[in-house]
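See structure below.
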Amino acid sequence: MAGLSGYGDLVEILGSVDPMQVRHRLESVKLLDRNGGNVGEPEHHAYLFAEAVSRPEVSAPERLRVFATAITATDGRDRGRPSSWSSAVDHLAADVTGLGERPRLFVLAAGNTDDIAAWNNYPASLDTSLIQDPGQAWNALTVGAFTEKTDMSPADAAVYDVVAEAGTLSPRTTTSLSWDSAWPLKPDIVCEGGNVAKNSLGATGMESLDLLTTNSAPLTELFTTLNATSSASALCARMAAELMADYPALRSETIRALIVHSAQWTDPMRDQYLGTMSPSHAQCAAMVRNCGWGVPDLARARWSAGNSLTLIVEGELQPYWKHPDGGYRSKDMDLHTLPWPAEELEALGETPVELWITLSYFVEPNPSARGGASKFHYPSHRLRFDVKRSLDRSTEAFVARLNAAAEAPEDDGFGPPSDQNWLLGTRHRHRGSLHQDVWKGTAAELAKRNVIGVYPGPGWWRTRHALRNFNRLARYSLVVSIRTPKSDVDLYTPIENQIKVPVAIRV
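Residue numbers for the sequence shown, in my numbering: 14 to 520.
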C-alpha cells in the first residue's frame, strides 16, 4: 500500500521516461501481532484505530493528513448499521473531542471478496458481497474496486479468460446493494483493484492482473503485487494527498467532495446497470450502491475547463435553535446565487447540459447506544440541498418550499419527489453525510436554475435538548459544476467577472 500511496501503479510509472514529482510523504502505524498475543477482538477495533490516528498527530500535530486503512472486518454483518468501529471513525473525522476544529479525512477500503465461488458467480455475486465494517462510516470516503486490467501473458491467455471486462467492477469488490435503503450510499467511488481469471476448472487470482507496487522486503525483492479494495483505497489516498498539496487551505470535507465530484461511471458500468432506457431514480441509486459515483479523475478535480467549470463554496450555518416559545426548530438556510452566464446558456438553446452538485459535511455520531440501531437518530444533524426550478416563480417561493421541507417529519422519503431530470432525486440522494446528484436538461432550462439552497434536516442536536447542542454551527462544502458536450463552448470567460461578487445569502 505504501508504494501505491506514494507512486501509483508501478506498471504505468516504470513504463514512462517522464520525471515524477512526489509532493506528499508517508507515515505508517502498524499493529503487531506479538506472536499471536494480539488476537484482534472486535471490541478493540475502535480503540486501536483511535490510537493509530493519535500517534502521528502527536509527533507532528500541524501536518495536513489523509488517513487510509485497508483493514476491515471479515463479513458484512452490520449491513450498513453503525458499529462501534465505524462510529469511532465518524467521531474522529468530525473531531468531536476538539469541537470540530481539526476535522480529518479518512479513506477506507470497502472490503474484499476473496471467495473463489463468488468469483465464479460474478457479476451476480456482487449483489450479496457486502461492504465490511467500518466501511459504513458516514464521514469516511469508502472506496470500492473496478478494473481495467485484462492483459495476461500469452501462455496464461491461452488457458484462461478474464472474469471482468475492462471498465467494470472488480470481482474482488463489495457493494451495499442489499443494505436498508436509509443507510449511506456506499462505496463513494471505485479505483483500480485488479482482475481475476478463470477456465473450465474455475476462477483464480493472477499476478499479471494485479497492480505492481513496492515490496515490504526490498532486500529480497524490489516489487510485489497488490489487488482488491486495498489497492483501490491506496490509490484514492494518493489522490487526496495530491489535492491537499495543491490546495492546502481546503477543508477535509472539500477534498472529499472534490474526489467524488470528479468521478464518472465508465461506459461498461452504464451499460451493465442502467442500459439504454431512461433509468429511474431507484435504478440510479442502485448503480451508486454498486459502483459508487464511478472512477475519480485528478485532472478534473484540480481545475475547470472552458466547457466545464466548477465552483466551490465552504460554508457554515446553525441548523437549529431554541425558539422563544420554548420549542426547538430549524434555523439557518444558505442560498447560493450561482453566477451562471445566463445569456450564453440561453443562446445555446436546446444544447444538452449537466448540473453536478456535491454537498459534503461531517456529522457527530449519536453518543447513546440507540444510535447504533436507529437510522434517524444517528447523525447530529443533516443538511440537504435543492435547486430553484421553473415552478418556483420567485426566490421567495423557493425559500418557502425549502422551509416546508426542513420541517418535514422524519421518513425514508426525505421530502416530496423531485423532477425526473435528476439522477437520484430528493428521495434517494440525502443518505449519509455526502450527497451528490446530477441534473440533465437543456442550456436554456439551466439558465433559470441559478439558486441553490442548503438547509437542515432532522438530527439529535435538535432533539436531545439536555446536551445543549441545539445552537452548534455546522460546516459544509458545496461543489457545483456545469458541463456541456461541446468543447468549443466557453463558459469560463463570461463568468470570470462575476465570481468576485458575494454569492451567499443567509435566510
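We put the CB at the ideal spot given by N, CA and C, even for glycine. Everything numeric in this text was worked out from a predicted model, so none of it was measured.
Bridge pairing for V326: L491 [DSSP].
Per the Cβ contact rule, the segment 152 to 171 is not in contact with the segment 131 to 138 (fewer than 3 Cβ pairs under 8 angstroms).
A distance below 8 angstroms separates the beta carbons of H349 and V326. Distance from the CA of T476 to the CA of L263, rounded to the nearest whole angstrom, comes to 31 angstroms.
Between L121 and A168 a beta carbon distance of about 37 angstroms is seen, past the 8 angstroms cut, so the two are scored as non-contacting. Across the set H57, V35, R38, the C-alpha of H57 shows the shortest separation from the C-alpha of L44. Per DSSP, the beta bridge partners of S373 are L447, S490. Residue ranges of uninterrupted alpha helix (DSSP H) with 4 or more members are absent from the segment 183 to 212; none lies entirely inside it.
L139 and Y374 have their C-alpha atoms spaced approximately 29 angstroms apart. In this structure W316 is exposed. Its beta-carbon is surrounded by fewer than 16 other beta-carbon atoms within 10 angstroms.
For the 8 angstroms CB-CB criterion, M252 and P309 form a contact. Excluding five sequence positions before and after A299, the CB atoms of its chain that fall closer than 8 angstroms to its own CB belong to L190, Y286, given in chain order. Y60 is classed as exposed because its beta carbon has fewer than 16 other beta carbons within 10 Å across all chains shown.
Per DSSP, T237 lies in no alpha helix (DSSP H); the unbroken beta strand (DSSP E) holding it starts and ends at 236 to 239.
For the pair I370 and V273, the CB atoms are not nearer than the 8 angstroms cut-off.
Counting only residues of its own chain and dropping the five nearest sequence neighbours on each side, W353 has a CB closer than 6 angstroms to the CB of N463. Contact between G16 and L23 is confirmed by a C-beta separation of about 7 angstroms, below the 8 angstroms threshold. Judged by DSSP secondary structure, V24 falls within the alpha helix (DSSP H) whose first and last residues are 23 to 27. In the three-state reduction of the DSSP assignment, H37 falls in the coil class, being assigned neither a helical nor a strand state.
Burial check for T87: the Cβ neighbour count within 10 Å stays below 16, so the residue is exposed.
According to the DSSP assignment, Y341 belongs to the beta strand (DSSP E) that extends over 341 to 343. The beta carbon of N303 is closer than 7 angstroms to those of L139, L182, T188, L190, Y286 in its chain, skipping five residues each way along the sequence.
One thing to note: G218 has its Cβ no nearer than 8 angstroms to the Cβ of S244. Beta-carbon to beta-carbon, M346 and Y468 are separated by about 4 angstroms, close enough to satisfy the 8 angstroms threshold. Beta-carbon to beta-carbon, A83 and M14 are separated by about 6 angstroms, close enough to satisfy the 8 angstroms threshold. Selection Y489, L372, D127 evaluated against D201 yields L372 as nearest (Cα-Cα).
The DSSP-derived three-state label of F483 is coil.
Taking a C-beta distance under 8 angstroms as the contact criterion, T279 and A123 do not qualify as a contact pair. Rounded to whole angstroms, G307 and F411 show a C-alpha spacing of 32 angstroms. L361 carries a helical assignment under DSSP once its states are collapsed to helix, strand and coil.
Bridge partners of P261 according to DSSP: none are assigned.
Boundaries of the beta strand (DSSP E) harbouring Y333: 333 to 335, taken from the DSSP string. For T155, the enclosing beta strand (DSSP E) has its first and last residue at 154 to 160.
Sequence-distant Cβ neighbours of W452 in its own chain, meaning closer than 6 angstroms and more than five residues away, are L368, N434, W435. Contact annotation: T233 and T226 have beta-carbon atoms that are not nearer than 8 angstroms. If you check the CB distance, K335 and F119 do not come in under 8 angstroms.
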